[in-house]
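Undergrad: Following this message is one structure expressed as structure tokens.
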Amino acid sequence: MKNRIISSIAYVVLGILLILIPTVVFPVCDSSMMKMACYYTGKAVVGIGIIVLILGVVSILFKDEKVRLGISIAIITDTVLIYLYTFKLIGLCKNETMDCRVATEPALLVATTILLLVALLNVIFIIVTNKNKVETKN
């Protein structure tokens, strides 16, 4: 019960953070003149942040461990997508001194790494507790 609530709240908070980092907290470069790569990365991260937020809410609502395991695996996949969008697929501005490289990139890296660790620990926790339940039944 505690694990479900803690991991779900972490997913919701980190999902909100992923939405806010490229838009409010450390916004990507202004796109009023020309849209740079960081603009599209920011939009992709916001979309994935919305998905993480929704998965966090769904995780609160469902007690079934198989559902929560699937949600955690989906969130791990989402974190991989954020890494790929930010560093390989779309990227950020080429200039190292741009706001997106100085502030947004490290903030996304930290938030995504924390999200990945929470999801991985939740997967491990669910697998270990299910294994212990099976062993105690025998």
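Just add 3 to wherever you are in the sequence shown, counting from 1, and you've got our numbering.
Note that the Cβ used here is the ideal one computed from N, Cα and C, for glycine as well.
If you draw a straight line from the alpha carbon of Ala13 to that of Gly59, how long is it in whole angstroms?
TA: On the sequence shown, position 10 is the one that residue 13 refers to. On the sequence shown, position 56 is the one that residue 59 refers to. About 8 Å.
Undergrad: Below 8 Å CB to CB, which residues in the same chain sit around Ala110 once its five sequence neighbours on both sides are set aside?
TA: As a first step, residue 110 is located in the sequence shown; it is residue number 107 there, counting from the start. Closer than 8 Å at the Cβ level, and outside the excluded window around Ala110, lie Ile24, Val28 and Phe29.
Undergrad: Round the Cβ separation of Leu72 and Ile129 to the nearest angstrom and send it over; I've been treating them as touching at under 8 Å.
TA: Here the question's residue 72 lines up with position 69 in the sequence shown. Here the question's residue 129 lines up with position 126 in the sequence shown. Going by Cβ atoms, the distance from Leu72 to Ile129 rounds to 5 Å, so yes, they are a contact pair.
Undergrad: So, are the CB atoms of Leu21 and Val55 less than 8 Å apart?
TA: As a position in the sequence shown, residue 21 is number 18, starting the count at 1. As a position in the sequence shown, residue 55 is number 52, starting the count at 1. Yes, the pair counts as a contact, with Cβ atoms nearer than the cut-off.
Undergrad: I need the straight-line Cα distance from Val31 to Leu118, nearest angstrom please.
TA: Mapped onto the sequence shown, residue 31 falls at position 28. Mapped onto the sequence shown, residue 118 falls at position 115. Cα-Cα distance, rounded: 21 Å.
Undergrad: For Asn125, I'd like the list of residues in its chain whose CB is within less than 6 Å of its CB, leaving aside the five on either flank, ordered along the chain.
TA: By one-based count along the sequence shown, residue 125 stands at place 122. Closer than 6 Å at the Cβ level, and outside the excluded window around Asn125, lie Ser10 and Ser75.
Undergrad: Check for me: the alpha helix (DSSP H) holding Ala106 runs from which residue to which?
TA: In the sequence shown, residue 106 corresponds to position 103, counting from 1. That residue, Ala106, is in no alpha helix (DSSP H); it is neither H nor E in DSSP.
Undergrad: In the structure shown, what three-state DSSP assignment does Thr82 receive?
TA: Residue numbering aside, residue 82 sits at position 79 when the sequence shown is read from its first letter. Thr82 falls in the helix class under three-state DSSP.
Undergrad: Quick check on Glu68: does DSSP put it in helix, strand or coil?
TA: Working through the sequence shown from its first residue, we reach residue 68 at position 65. Reduced to three states, the DSSP call for Glu68 is helix.
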